[in-house]
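Under UniProt numbering, residue 490 is the last one in the sequence shown; the count climbs by one each step, no gaps. For each residue, glycine too, the CB sits at the ideal point set by N, CA and C. Reading through the structure tokens given below for one structure.
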Amino acid sequence: MKLAIIKPLTGILLLGTILAACTKKYSIEDGYDKPLRPDTTGVGLIDTNMNRIDSSGFPDARKFPGLVSVAEPRLMNASVTLDLNYKLVSPQLRIAAPPGNWFSTGFYAGPGELVKVEIPQGTEGMTVQIGAHTDNINGKMPQLRAGVIVTRQTVLPGTNYIRNIYGGPIYLIPTGPANKQVTVKFSNVCKSPDFILGQSTDAAWKEELKHSQVPVVELRGKRFIITMYRKVLLGLLDKFNAEAVMGKWDEVIEKDYNEWYGLSDNPADPIDQAPGTPHRFVLDVQISLGSGHSGYPCMAYLDWHSDFLDTAMINSGASWGPCHEIGHNHQMITTWSWSGADALTETSNNLFVFKIANRFGRKPPRIYDMDQNFVQPALDFAKKDTASGKSFSTVTDVFQRLIPFVQLYQRYGYDMMGYVCKEARHAERITYIDVVKKDFFYVSASKYAQVDLYPFFKFWGINVSPTARGTVLALGLPVLKEQLWLKDIR
Numbered sequence: 001m002k003l004a005i006i007k008p009l010t011g012i013l014l015l016g017t018i019l020a021a022c023t024k025k026y027s028i029e030d031g032y033d034k035p036l037r038p039d040t041t042g043v044g045l046i047d048t049n050m051n052r053i054d055s056s057g058f059p060d061a062r063k064f065p066g067l068v069s070v071a072e073p074r075l076m077n078a079s080v081t082l083d084l085n086y087k088l089v090s091p092q093l094r095i096a097a098p099p100g101n102w103f104s105t106g107f108y109a110g111p112g113e114l115v116k117v118e119i120p121q122g123t124e125g126m127t128v129q130i131g132a133h134t135d136n137i138n139g140k141m142p143q144l145r146a147g148v149i150v151t152r153q154t155v156l157p158g159t160n161y162i163r164n165i166y167g168g169p170i171y172l173i174p175t176g177p178a179n180k181q182v183t184v185k186f187s188n189v190c191k192s193p194d195f196i197l198g199q200s201t202d203a204a205w206k207e208e209l210k211h212s213q214v215p216v217v218e219l220r221g222k223r224f225i226i227t228m229y230r231k232v233l234l235g236l237l238d239k240f241n242a243e244a245v246m247g248k249w250d251e252v253i254e255k256d257y258n259e260w261y262g263l264s265d266n267p268a269d270p271i272d273q274a275p276g277t278p279h280r281f282v283l284d285v286q287i288s289l290g291s292g293h294s295g296y297p298c299m300a301y302l303d304w305h306s307d308f309l310d311t312a313m314i315n316s317g318a319s320w321g322p323c324h325e326i327g328h329n330h331q332m333i334t335t336w337s338w339s340g341a342d343a344l345t346e347t348s349n350n351l352f353v354f355k356i357a358n359r360f361g362r363k364p365p366r367i368y369d370m371d372q373n374f375v376q377p378a379l380d381f382a383k384k385d386t387a388s389g390k391s392f393s394t395v396t397d398v399f400q401r402l403i404p405f406v407q408l409y410q411r412y413g414y415d416m417m418g419y420v421c422k423e424a425r426h427a428e429r430i431t432y433i434d435v436v437k438k439d440f441f442y443v444s445a446s447k448y449a450q451v452d453l454y455p456f457f458k459f460w461g462i463n464v465s466p467t468a469r470g471t472v473l474a475l476g477l478p479v480l481k482e483q484l485w486l487k488d489i490r
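This is the structure:
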């Protein structure tokens with residue numbers, strides 16, 4: 001009996017000796033240095049002392065977006081309440097880039113300063129973003145700012161910490177809409193002198209802007225938000241009224257984009273739901289592509305400020321850049337806006353400029369400037385005989401490719417666009433085949449005009465298939481008799 005007890009004890013002692021022999025000796029414990037080093041990346045443990053500033057980004061932040069003076073008050077326990085009951089757009093909206101769901105907080109994080117974010121219980125999946133200038137310009141030479149200056153971090157109910165070594169406006173991004181309001185508390189942040197349509201007055205906002213040291217600010221409407229550089233705005237204050245400007249942009253988005261596309265806030269069919277969040281445009285010292293580009297947000301250089309702030313330019317169709325990029329976001333590239341050798345990539349997005357100008361009884365000066373003479377060479381092409389075959393690709397100027405569309409709108413009304421786009425949203429399927437897109441536009445335009453527009457498309461070299469031709473013939477519509485393709489849109 002004693003031997004039976006001794007043998008297991010011997011085995012246990014031997015196993016303990018083996019395990020002890022396998023133990024490694026390191027100068028750190030549990031994989032973490034002691035004492036803990038401050039974590040400025042937002043990963044792992046972090047020093048929560050908000051008096052400590054990571055100044056490693058100061059040299060770049062000084063260039064852009066800018067430092068924030070120590071004289072600017074840092075707010076503690078400042079709250080913002082968000083209404084998360086916004087409407088999602090249908091996947092069948094079928095535009096290139098519908099607006100996303102950044103929620104402006106009205107707060108700004110100083111470069112390298114630790115921000116405390118308190119999320120209420122029951123609010124899951126929220127993301128905090130510091131910075132609006134989302135373009136990655138790594139690879140650009142020379143660089144006018146650091147390559148990536150935006151920080152994002154998922155936050156949980158309770159207390160969270162985040163910093164961005166370059167600083168920036170603070171946004172909250174929910175995972176999706178919810179039928180509730182959420183109040184989030186921030187500490188160690190600056191108040192951003194943002195203009196908010198319906199809450200701010202032009203005079204009071206301009207005074208606030210003059211006394212603030214926050215370098216980047218927003219002009220916010222219901223349907224459109226512009227992120228601008230404070231130093232540039234200060235030099236333009238006597239040239240615009242913020243209430244008029246943002247009222248105008250809300251009007252343009254509502255009437256010349258949403259309504260023209262057949263979208264509304266409370267449609268009979270959810271497919272025709274207008275976006276429930278604002279479009280955004282951010283002005284930057286350097287961007288990744290061109291002088292401006294589409295997306296969410298659209299981006300452009302700082303010298304575009306006047307294009308947004310001059311209401312007379314907007315009314316006349318001269319605010320080309322902003323409308324051009326927002327137009328890209330609205331292109332229906334899977335239904336009727338075709339690509340290929342005769343692509344509408346840089347054409348169909350510019351039709352909105354004509355719509356805006358037409359609403360105010362104007363004509364876009366960039367097209368109607370006789371010295372640039374965009375119109376006549378295209379009309380000369382359309383006049384040529386079709387016997388030997390024609391191709392719209394011969395019209396290589398993207399502005400000249402606008403002319404057949406404007407001819408149709410001037411003859412049958414600008415509401416033709418809304419009809420075509422509504423048909424496109426409700427179409428049974430999408431397509432990436434260019435001839436099918438041309439077929440769709442030909443059939444839809446003919447239905448709206450109640451005229452078989454085949455001669456018009458033939459003379460413009462926009463070649464459609466026999467199937468589409470048969471579809472329109474089956475409608476029993478009269479064939480176009482007038483030589484609409486020769487109409488001078490000027």
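Quick check on the burial criterion: 16 or more other C-beta atoms within 10 angstroms. Buried or exposed for Pro111? Classification for Pro111: buried.
When you compare only the Cα positions, how much space is there between Val479 and Pro455? For Val479 and Pro455, the gap between their C-alpha atoms comes out near 8 Å.
Do Phe392 and Asp342 have their CB atoms nearer than 8 Å? Yes; because the gap between Cβ atoms is below 8 Å, this pair is in contact.
How far does the beta strand (DSSP E) with Arg152 in it extend, from its first residue to its last? It spans Thr151 to Val155 - the beta strand (DSSP E) in which Arg152 sits, taken as one unbroken run.
Taking Leu219 as the reference, which of Ser388, Phe186, Thr123 and Val245 has the closest Cα? Ranking the options by Cα distance to Leu219, first place goes to Val245.
CB-CB under 7 Å to Tyr166, same chain, minus the five flanking residues each way: which ones, in chain order? Within the same chain, Tyr166 has close Cβ partners Gly57, Asp60, Ala61, Pro65, Pro111, Gly131, Ala146 and Ile149.
Is the beta carbon of Gly100 closer than 8 Å to that of Tyr296? For the pair Tyr296 and Gly100, the CB atoms are nearer than the 8 Å cut-off.
Contact check, Trp304 vs Leu283, beta carbons under 8 Å: Yes. Within cutoff.
Scan the stretch 459–485 and note each continuous alpha helix (DSSP H) run of 4 residues or more that stays entirely inside, going in chain order. Every alpha helix (DSSP H) stretch that sits fully inside the stretch 459–485 and reaches 4 residues is listed by chain position as 466–474.
Can you tell me whether Asp439 is buried or exposed, with buried defined as 16 or more other CB within 10 angstroms of its CB? Its Cβ being crowded by 16 or more others within 10 Å, Asp439 is buried.
If you compare alpha carbons, which of Ala96, Ile170 and Lys185 is closest to Ile430? Ranking the options by Cα distance to Ile430, first place goes to Ala96.
Between the stretch 184–204 and the stretch 87–96, are three or more C-beta pairs nearer than 8 Å? Contact between the stretch 184–204 and the stretch 87–96 is absent, because fewer than three Cβ pairs lie under 8 Å.
Limits of the unbroken alpha helix (DSSP H) element including Leu351: From DSSP, the alpha helix (DSSP H) with Leu351 extends over Leu351 to Arg359.
I need the DSSP call for Asp47, collapsed to helix, strand or coil. Looking at Asp47 - three-state DSSP - the assignment turns out to be coil, as it is neither helix nor strand.
Can you say whether Asp135 is buried or exposed, counting buried as having 16 or more other CB atoms within 10 angstroms of its CB? That one is buried.
Measure the alpha-carbon distance for Pro466 versus Gly247 and round it to whole angstroms. Using only the alpha carbons, I get a separation of about 48 Å.
Among Val398, Phe441 and Leu484, nearest to Gln407 - alpha-carbon criterion: The residue with the shortest Cα to Cα distance from Gln407 is Leu484.
Using only alpha-carbon positions, find the residue among Arg359, Asn358, Arg401 and Ala357 that is nearest to Gln376. Closest option to Gln376, Cα to Cα, is Arg401.
Residues near Lys383 in its chain [Cβ-Cβ closer than 7 Å; skip 5 each side]: Sequence-distant Cβ neighbours of Lys383 in its own chain, meaning closer than 7 Å and more than five residues away, are Leu486.
DSSP three-state label for Tyr257, please. Three-state DSSP puts Tyr257 in a helix.
For Trp260 and Pro73, I'd like the C-alpha separation in whole angstroms. Each residue's Cα considered, the two are about 45 Å apart.
Best match in Ala71, Pro98, Met332 and Gly389 for proximity to Ile253 [C-alpha to C-alpha]: A check of alpha carbon separations from Ile253 across Ala71, Pro98, Met332 and Gly389 identifies Pro98 as the nearest.
How long is the line joining the alpha carbons of Leu114 and Gln129, rounded to whole angstroms? If I take the Cα positions, the gap works out to 13 Å.
Is it the case that the stretch 440–452 contacts the stretch 358–368, given that we only count it when at least three CB pairs across the two stretches are under 8 Å? Touching, no, given that fewer than three Cβ pairs across the two stretches are closer than 8 Å.
Going by DSSP, which residues form a beta bridge with Gln199? Checking the DSSP bridge columns, you'll see Gln199 has no partner listed.
In DSSP terms, what Gly158 is bridged to: Beta-bridge pairing links Gly158 to Ile119.
Unbroken stretches of the beta strand (DSSP E), 3 residues or longer, contained in the stretch 88–145: Listed in chain order, they are 103–109, 115–119 and 126–130.
Closest by C-alpha distance to Lys140, when choosing among Ser288, Pro404 and Val189: The shortest C-alpha to C-alpha distance from Lys140 to any of Ser288, Pro404 and Val189 is the one to Ser288.
Spatial neighbours of Glu118 within its chain, please: CB distance less than 6 Å, with the 5 preceding and 5 following residues excluded, ordered by chain position. In the same chain as Glu118, and ignoring 5 residues on each side of it, the C-beta atoms closer than 6 Å to its own belong to Thr159 and Lys185, in chain order.
Near Lys63, what residues of its chain come up, given a Cβ to Cβ distance below 6 Å and the 5 sequence neighbours on each side ignored? Counting only Cβ-Cβ distances below 6 Å, and skipping sequence neighbours, we find Arg145.
Cβ-based neighbour list, Ala459, same chain, cut-off 7 Å, excluding 5 preceding and 5 following: The displayed chain sequence assigns Phe, not Ala, to residue 459. The answer, listed in chain order, is Ala382, Thr386 and Trp485.
Note down, one range per segment and in chain order, each beta strand (DSSP E) of at least 3 residues found wholly within the stretch 162–192. Listed in chain order, the complete beta strand (DSSP E) runs (minimum 3 residues) inside the stretch 162–192 are 168–173 and 181–187.
Assign Thr123 to buried or exposed, taking buried as 16 or more other Cβ atoms, counted over all protein chains shown, within 10 Å of its Cβ. Buried is the call here.
Looking at the unbroken beta strand (DSSP E) that takes in Asp415, where does it start and where does it end? Membership of Asp415 in any beta strand (DSSP E) is not indicated; the residue belongs instead to the alpha helix (DSSP H) covering Asp415 to His426.
Below 8 Å between beta carbons: does that hold for Gly262 and Gly476? No, the Cβ-Cβ distance between Gly262 and Gly476 is not below 8 Å.
Throw me the rounded Cβ distance for the Ser104 and Ile225 pair, which I believe falls under 8 Å. Yes, Ser104 and Ile225 are in contact; Cβ-Cβ is about 7 Å, under 8 Å.
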